[in-house]
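Q: What the sequence shown shows, in numbering that gives the first Met the number 0, is residues 0 to 321, in sequence order. For every residue, glycine included, the Cβ atom is placed at its ideal position computed from N, Cα and C.
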Amino acid sequence: MRHARSFWIASLFLLPLIVPPAMASQYPDKPVRVLVGFPAGGSADIVARMVTGAVAKTSKFEFVVENRSGAGGNIAFDGAANAAPDGYTLLFSTPGVAINPSLYRKVSFTQSDFTPITLVGEAPLMLMVRPSLGIKTLAGLIKESRKDPEAIRFASSGSGSSSHLAAEVLRSMSGMQYLHVPYRGGGAAMTDLIGDRVDMTVLPIAESMPYVNDKKLLALGQTGSRRSAIAPDVPTIAQAGVDGYSVTTWYMLLGPKNLPEPIVNALYEAFSQVVGSEDLKKSLEARGVDVINADPQETAEFLKQQSESWAKAIEASGTKLD
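1. Express the C-alpha separation of Val63 and Ala83 in angstroms, rounding to a whole number.
2. I'd like to confirm the pairing. Which residues does DSSP put opposite Ser360 in its beta bridges?
3. Return the residue from the list Met125, Ile193, Gln176, Gly194 that minimises the CA-CA distance to Ser330.
4. Please look up how many angstroms separate the CB atoms of Thr114 and Pro255, rounded, as I've assumed it's under 8 Å.
5. Could you tell me the distance, in whole angstroms, from the CA atom of Ser227 to the CA atom of Ile291?
6. Spatial neighbours of Ser306 within its chain, please: CB distance less than 6 Å, with the 5 preceding and 5 following residues excluded, ordered by chain position.
7. Give the straight-line distance between the Cα atoms of Phe301 and Val119, rounded to the nearest whole angstrom.
8. How would you call Thr57, buried or exposed, if buried means at least 16 neighbouring beta carbons within 10 angstroms?
9. Please classify Gly120: does DSSP put it in a helix, a strand, or coil?
10. Taking Gly86 and Gly36 to be in contact with their CB atoms under 8 Å, please state how far apart those CB atoms are, rounded to whole angstroms.
11. So what does DSSP say about Tyr244, is it helix, strand or coil?
12. Going by Cα to Cα distance, which pick from Pro123, Gly52, Phe76, Ala150 is closest to Glu284?
13. Going by DSSP, name the residue or residues bridged to Gln221.
14. Got a sec? Which residues, its chain only, sit under 8 Å from Arg48 by beta carbon, not counting five neighbours each side?
15. Beta-carbon within less than 8 Å of Gln221's beta-carbon, same chain only, minus the 5 sequence neighbours each way: which residues are those?
16. So Ala187 and Ser155 are in contact, right, with Cβ under 8 Å, and what is the actual spacing, rounded?
17. Checking 9 Å against the spacing of the C-beta atoms, do Thr117 and Thr248 come in under that value?
18. Using a Cβ distance threshold of 8 Å, determine whether the region 148-164 contacts the region 191-199, with at least three qualifying pairs required.
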């Protein structure tokens, strides 16, 4: 009798992890919230809306993208990590989910607080300066920055963002110096760079190239390991002289931990069919995104690798945020 009672009590703790077949087949029966940790109009927001919009057209899913910007994405990350594991609150994540547990002194989540669903793709960022700065090359920028640690005003899309950390890795590897000016989103950083109120930024390539092509900004290097098809004339930062440098932003769909497998599978099936389609692939590639379309296991392995890699880079740079 004691064993039966113990089994019954243990079973109560497993109930949230078990989804009856009927319940799984009914999922979803209402709109699914997708949290994005950056403002509307930014790269993460645009890609999230592109992908979820395309999935909604070809499946039974309906999505509501909700922007929770601030704290380097931590507001959205916390919201997703603490959501009920019922499939109705998801996170469309950028690298901050792998970066921030090592970068911030106080965060309430780690990668283990999420259920990986799919890695959509990755894209390089672009390092740009205002033309009036008079610097034409990355080597020239690095040399000039060393003369005065606060002479170059670097505008990022936010403390702890991919924009910020890409520059921090560059500082660590090249000895470049700058005064960090964090913004709440890349749009504001771009506006102030064009307006000559700051000197340099590192932002997603899709948002950057229109201003580069119009000669409003000067591109000195892209952060990926190879040149993007939408910026074939701009060298990578490694090609520009910082050997071994490679940083990308990426787009990943995550749920809270303990998300039941039938729900994970339903989401992955819906997303993989659309992300793997030629139409969406072309649209994403036009934004500089290399489509990956990884399954849940591949996504989990990628997230683990990224978390470990960023932890080492952040420790080496000595960067910590409150």
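A: With the given structure in hand:
1. 17 Å
2. Given that the chain is displayed from residue 0 to residue 321, the structure contains no residue 360 and the question cannot be resolved.
3. Because the chain spans 0 through 321 in this model, residue 330 falls outside it and cannot be assessed.
4. Right, the Cβ-Cβ distance comes to about 7 Å (below 8 Å), so this counts as a contact.
5. 15 Å
6. Ala97, Gln110
7. 12 Å
8. exposed
9. strand
10. That belief does not hold up - the Cβ atoms of Gly86 and Gly36 are roughly 20 Å apart, past 8 Å.
11. coil
12. Pro123
13. Met125, Thr235
14. Val64
15. If we look at Gln221 and ignore the five residues flanking it on each side, its Cβ neighbours are Pro123, Leu124, Met125, Leu126, Ile204, Ser227, Ala230, Val233, Pro234, Thr235, Ile236.
16. About 10 Å separates the two Cβ atoms, so there is no contact after all.
17. No, the Cβ-Cβ distance between Thr117 and Thr248 is not below 9 Å.
18. Under the Cβ criterion (8 Å, minimum of three pairs), the region 148-164 counts as touching the region 191-199.
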